[in-house]
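Numbering (the working numbering), first residue to last: 224 to 313.
So, in structure tokens, the structure goes:
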């Protein structure tokens with residue numbers, strides 16, 4: 224059964240390929256949705272998948288790509304919007 228999560232990642236997460244790395248990881252896991260930078264320096268992710276897929280992505284988000292320094296990773300439950308792929312929003 225699919226569910227959806229909003230993940231807000233804070234820290235040194237912009238300018239370190241966080242969005243591209245998230246897109247790559249989400250696609251590899253089978254997650255649909257999107258990722259985008261926020262004006263406050265955080266990264267916002269909308270992710271849809273099975274509980275196991277989402278858990279795997281959240282675990283990865285807490286670390287991020289090698290140059291990232293994640294200080295927090297907040298997760299809330301969302302309604303599914305039936306995304307079919309995972310994109311980077313600008």
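No residue lacks a Cβ here, since even glycine has one placed at the ideal position from N, Cα and C.
Two segments are said to touch when three or more pairs of C-beta atoms, one from each, lie closer than 8 Å; by this definition the stretch 237-252 touches the stretch 282-299. Going by DSSP, residue 248 is part of no beta strand (DSSP E) but of the alpha helix (DSSP H) stretching over 241-252. Here the C-alpha atom of residue 292 lies approximately 16 Å from the C-alpha atom of residue 230.
Here residue 311 is exposed: its Cβ has fewer than 16 other Cβ atoms, across all protein chains shown, within 10 Å. The continuous alpha helix (DSSP H) containing residue 277 extends over residues 274-284. Between the alpha carbons of residue 290 and residue 240 lies a distance of about 8 Å.
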